[in-house]
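A.B. asks: What follows is a single structure, and I will ask about it in a moment.
Residue numbers (my numbering): 1225 to 1631.
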């Protein structure tokens, strides 16, 4: 399949994003692990957890727009190869940081890993380059499925490959070494299988603060301002939930690292299943605007229900609904962004779109990790409130389009 190398790249991005949750939550939140001094406060442990999580997201925020613009000028294939080399190096650096018990090295590796994962915008642009208008939404769904599958494998690998009870040679560094090896395999695959898809060179002025510039551009764009603002607020809530959910699971349900891995694997499996199969007829039958409204309302209600659950089994029962609504949202929003952009600036505009998302996902954990450690219900509360706030903004700015339910 012509898109397989690109889908594998997105899979690796997602794997790197989710790989750390069962590792860092146990490494930092469990005093018996010994990574931090025993007398380190719960608030400080939570803040450090948030710092490491946000490092990856902030790297994507700054890296995504630069890589998107570079791909318009240098070509998609070259940028994908460059970022995979960087990703392989950062996974190895994370392993070194764990061995040396250095928070600074781990943070730097996560920040650079996020920059490498900014190739998500390049992958989206390849989809646009190689898809017809009819194929575009479906292929964005496949891209979402690749992300969801990585989200399955990432936490699962993190939990299992770091567990010595599974295999005596496994340690906290094993998952990162495995991910580095996977990056190298994908480099070979890209070299052999991928054809350059850039239709025409489009030079864009590039600077290191392009992420901030594009964030400003996003919220002043007449065509896409309301959608970008909606997705920014949504990503604050979704990112807050996914990033700090391990603390909620540990504090309320006493999850182990392996159980956290299974929980994230379940979410990712349902997201991949929904994006790959279940949502396809909905994407054909209904307009993207109607699907975004449904997704935001459904996710907000689901998170509220999850906050009142007391039994693990019923917590897992809510995951299919959460995954279904999440699966509706991203392909629909990406399709709208792509449809209002001209062919030559797809990389630039999708880079802006990704900056908006990763700014929302990455900024909140930088300041809120200590609060979540003390108030473990915050991931669900902030998540639900963000969904409803995003819904209000979207409806207020798109009322006529939402009333057009069918495509």
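Every residue, glycine too, gets a C-beta built ideally from N, C-alpha and C.
Just so you know, these numbers come straight off a predicted model, no measurement behind them.
Out of 1306, 1381, 1373 and 1378, which has the shortest C-alpha to C-alpha gap to residue 1547?
C.D. replies: Numbered from 1 along the chain shown, position 323 holds the residue referred to as residue 1547. Selected option, being the one with the closest Cα: 1373.
A.B. asks: With a cut-off of 8 Å, do at least 3 Cβ pairs link the region 1290-1300 to the region 1376-1391?
C.D. replies: With contact defined as three or more Cβ pairs closer than 8 Å, the region 1290-1300 and the region 1376-1391 are not in contact.
A.B. asks: Assign residue 1497 to one of three DSSP states: helix, strand, or coil.
C.D. replies: Counting from one through the chain shown, the residue named residue 1497 turns up at place 273. In the three-state reduction of the DSSP assignment, residue 1497 falls in the helix class.
A.B. asks: Within 10 Å of its beta-carbon, does residue 1459 have 16 or more other beta-carbons around it, so buried, or fewer, so exposed?
C.D. replies: Taking the chain shown and counting its residues from 1, the one referred to as residue 1459 is at position 235. Per the 10 Å Cβ criterion, buried.
A.B. asks: Beta carbon of residue 1558, beta carbon of residue 1364: below 8 Å?
C.D. replies: Counting from 1 along the chain shown, the entry for residue 1558 is found at position 334. Counting from 1 along the chain shown, the entry for residue 1364 is found at position 140. Against a cut-off of 8 Å, the Cβ pair of residue 1364 and residue 1558 comes out as a contact.
A.B. asks: State yes or no: is the C-beta of residue 1221 within less than 8 Å of the C-beta of residue 1386?
C.D. replies: Any answer about residue 1221 is impossible in this case: the structure gives the chain only from 1225 up to 1631.
A.B. asks: What is the rounded straight-line gap between the Cα of residue 1476 and the Cα of residue 1537?
C.D. replies: Looking up residue 1476 in the chain shown gives position 252. Looking up residue 1537 in the chain shown gives position 313. Separation of residue 1476 and residue 1537 (C-alpha to C-alpha, rounded to the nearest whole angstrom) is 14 Å.
A.B. asks: Can the beta-carbon of residue 1345 be found less than 8 Å from the beta-carbon of residue 1279?
C.D. replies: In the chain shown, residue 1345 corresponds to position 121, counting from 1. In the chain shown, residue 1279 corresponds to position 55, counting from 1. Going by C-beta atoms, residue 1345 is not nearer than 8 Å to residue 1279.
A.B. asks: Just to confirm my understanding: we take residue 1348, look at its own chain, exclude 5 residues before and 5 after, and list those with CB closer than 6 Å. What are they?
C.D. replies: Walking along the chain shown from the start, residue 1348 turns up at place 124. Once the five neighbours on either side are set aside, the close Cβ partners of residue 1348 are 1574.
A.B. asks: Taking the alpha helix (DSSP H) that residue 1237 falls in, what are its first and last residues?
C.D. replies: The residue given as residue 1237 occupies position 13 in the chain shown. Residue 1237 -> alpha helix (DSSP H) spans 1228-1242.
A.B. asks: With contact counted as at least three CB pairs below 8 Å, one residue from each stretch, are the region 1294-1313 and the region 1609-1616 in contact?
C.D. replies: No, the region 1294-1313 is not in contact with the region 1609-1616.
A.B. asks: Assuming residue 1599 is part of the alpha helix (DSSP H), what are its boundary residues?
C.D. replies: Sequence index remark: in the chain shown, residue 1599 carries index 375 (1-based). From DSSP, residue 1599 is part of no alpha helix (DSSP H); its letter is neither H nor E.
A.B. asks: So, with DSSP's three-state summary, where would you put residue 1510?
C.D. replies: On the chain shown, residue 1510 is found 286 positions in, with the first residue counted as 1. In this structure, residue 1510 counts as strand in the three-state DSSP scheme.
A.B. asks: Once the 5 residues before and after residue 1542 are set aside, which same chain residues still bring their CB inside 8 Å of it?
C.D. replies: Translated into positions along the chain shown, residue 1542 becomes position 318. Within the same chain, residue 1542 has close Cβ partners 1526, 1529, 1530 and 1533.
A.B. asks: From the DSSP output, in three-state form, read off residue 1261 for me.
C.D. replies: By 1-based counting over the chain shown, the position of residue 1261 is 37. In the structure shown, residue 1261 sits in coil (DSSP, three-state: anything other than H, G, I, E or B).
A.B. asks: Measure the beta-carbon distance from residue 1556 to residue 1512 and round it to whole angstroms, keeping in mind my assumption that it falls under 8 Å.
C.D. replies: Position 332 of the chain shown, counting from 1, holds the residue named residue 1556. Position 288 of the chain shown, counting from 1, holds the residue named residue 1512. Yes, they are in contact, since the Cβ atoms of residue 1556 and residue 1512 sit about 4 Å apart, within 8 Å.
A.B. asks: Which of the three DSSP states is assigned to residue 1558 in this structure?
C.D. replies: Your numbering for residue 1558 matches position 334 in the chain shown. DSSP places residue 1558 in helix when its eight states are reduced to three.
A.B. asks: Return the residue from the list 1494, 1582, 1489 and 1599 that minimises the CA-CA distance to residue 1549.
C.D. replies: Taking the chain shown and counting its residues from 1, one reaches residue 1549 at position 325. The shortest Cα separation from residue 1549 among 1494, 1582, 1489 and 1599 belongs to 1494.
A.B. asks: Taking the C-alpha atoms as reference points, what is the distance between residue 1447 and residue 1621?
C.D. replies: Here residue 1447 refers to the residue found at position 223 when the chain shown is read from its first residue. Here residue 1621 refers to the residue found at position 397 when the chain shown is read from its first residue. Their backbone Cα atoms lie some 11 Å apart in a straight line.
A.B. asks: I need the boundaries of the alpha helix (DSSP H) containing residue 1314, first residue and last residue.
C.D. replies: Against the chain shown, residue 1314 aligns to sequence position 90. Where residue 1314 is concerned, the enclosing alpha helix (DSSP H) stretches over 1300-1323.
A.B. asks: Quick check: what's the CA-CA separation for residue 1453 versus residue 1254?
C.D. replies: For the purposes of this step, residue 1453 is taken as the residue at position 229 of the chain shown. For the purposes of this step, residue 1254 is taken as the residue at position 30 of the chain shown. So the two alpha carbons sit approximately 37 Å from each other.
A.B. asks: Alpha carbon to alpha carbon, how far is residue 1350 from residue 1552?
C.D. replies: Taking the first residue of the chain shown as 1, we reach residue 1350 at position 126. Taking the first residue of the chain shown as 1, we reach residue 1552 at position 328. Near 21 Å, if we compare the C-alpha coordinates of residue 1552 and residue 1350.
A.B. asks: By Cβ distance below 6 Å, which residues in the same chain neighbour residue 1675 in space, the five residues on each side in sequence not counted?
C.D. replies: For the chain, the structure presents residues 1225 to 1631; residue 1675 sits outside this window and is missing.
A.B. asks: What's the C-alpha gap between residue 1436 and residue 1338?
C.D. replies: Start at 1 with the first residue of the chain shown, and residue 1436 comes out as number 212. Start at 1 with the first residue of the chain shown, and residue 1338 comes out as number 114. Cα to Cα, residue 1436 sits roughly 16 Å from residue 1338.
A.B. asks: Starting from the Cα of residue 1403, find the closest Cα among 1483, 1380, 1419 and 1507 and give me that residue.
C.D. replies: In the chain shown, the residue the question calls residue 1403 occupies position 179. For the residues 1483, 1380, 1419 and 1507, the minimum Cα distance to residue 1403 belongs to 1380.
A.B. asks: For the alpha helix (DSSP H) that residue 1685 lies in, which residues bound it at each end?
C.D. replies: Nothing in the structure corresponds to residue 1685, since the chain is present only between 1225 and 1631.
A.B. asks: Anyone know if the C-beta pair for residue 1342 and residue 1284 falls short of 8 Å?
C.D. replies: In the chain shown, residue 1342 corresponds to position 118, counting from 1. In the chain shown, residue 1284 corresponds to position 60, counting from 1. Their beta carbons are under 8 Å apart, which means residue 1342 touches residue 1284 by this criterion.
A.B. asks: Within the continuous alpha helix (DSSP H) that includes residue 1407, where are the two ends?
C.D. replies: On the chain shown, residue 1407 is found 183 positions in, with the first residue counted as 1. Per DSSP, residue 1407 belongs to the alpha helix (DSSP H) from 1398-1417.
A.B. asks: Looking only at C-alpha atoms, which of 1600, 1563 and 1299 sits nearest to residue 1352?
C.D. replies: Walking along the chain shown from the start, residue 1352 turns up at place 128. The shortest Cα separation from residue 1352 among 1600, 1563 and 1299 belongs to 1563.
A.B. asks: Rounded to a whole number of angstroms, what is the C-alpha to C-alpha distance between residue 1470 and residue 1484?
C.D. replies: The residue labelled residue 1470 in the question sits at position 246 within the chain shown. The residue labelled residue 1484 in the question sits at position 260 within the chain shown. Roughly 6 Å separates the two Cα atoms.
A.B. asks: Return the chain-ordered list of same chain residues with a C-beta closer than 8 Å to the C-beta of residue 1235, the five sequence neighbours on each side being excluded.
C.D. replies: By 1-based counting over the chain shown, the position of residue 1235 is 11. Closer than 8 Å at the Cβ level, and outside the excluded window around residue 1235, lie 1370, 1371, 1373, 1374 and 1377.
A.B. asks: Just tell me which of 1414, 1249, 1524 and 1272 has its CA closest to the CA of residue 1300.
C.D. replies: If you number the chain shown from 1, residue 1300 lands on position 76. Out of 1414, 1249, 1524 and 1272, 1414 has the C-alpha closest to the C-alpha of residue 1300.
A.B. asks: My guess is that residue 1260 and residue 1252 are in contact by the Cβ rule of under 8 Å, so how many angstroms apart are they, rounded?
C.D. replies: Position 36 of the chain shown, counted from the first residue, corresponds to residue 1260. Position 28 of the chain shown, counted from the first residue, corresponds to residue 1252. The pair is a contact, with the Cβ atoms about 6 Å apart (cut-off 8 Å).
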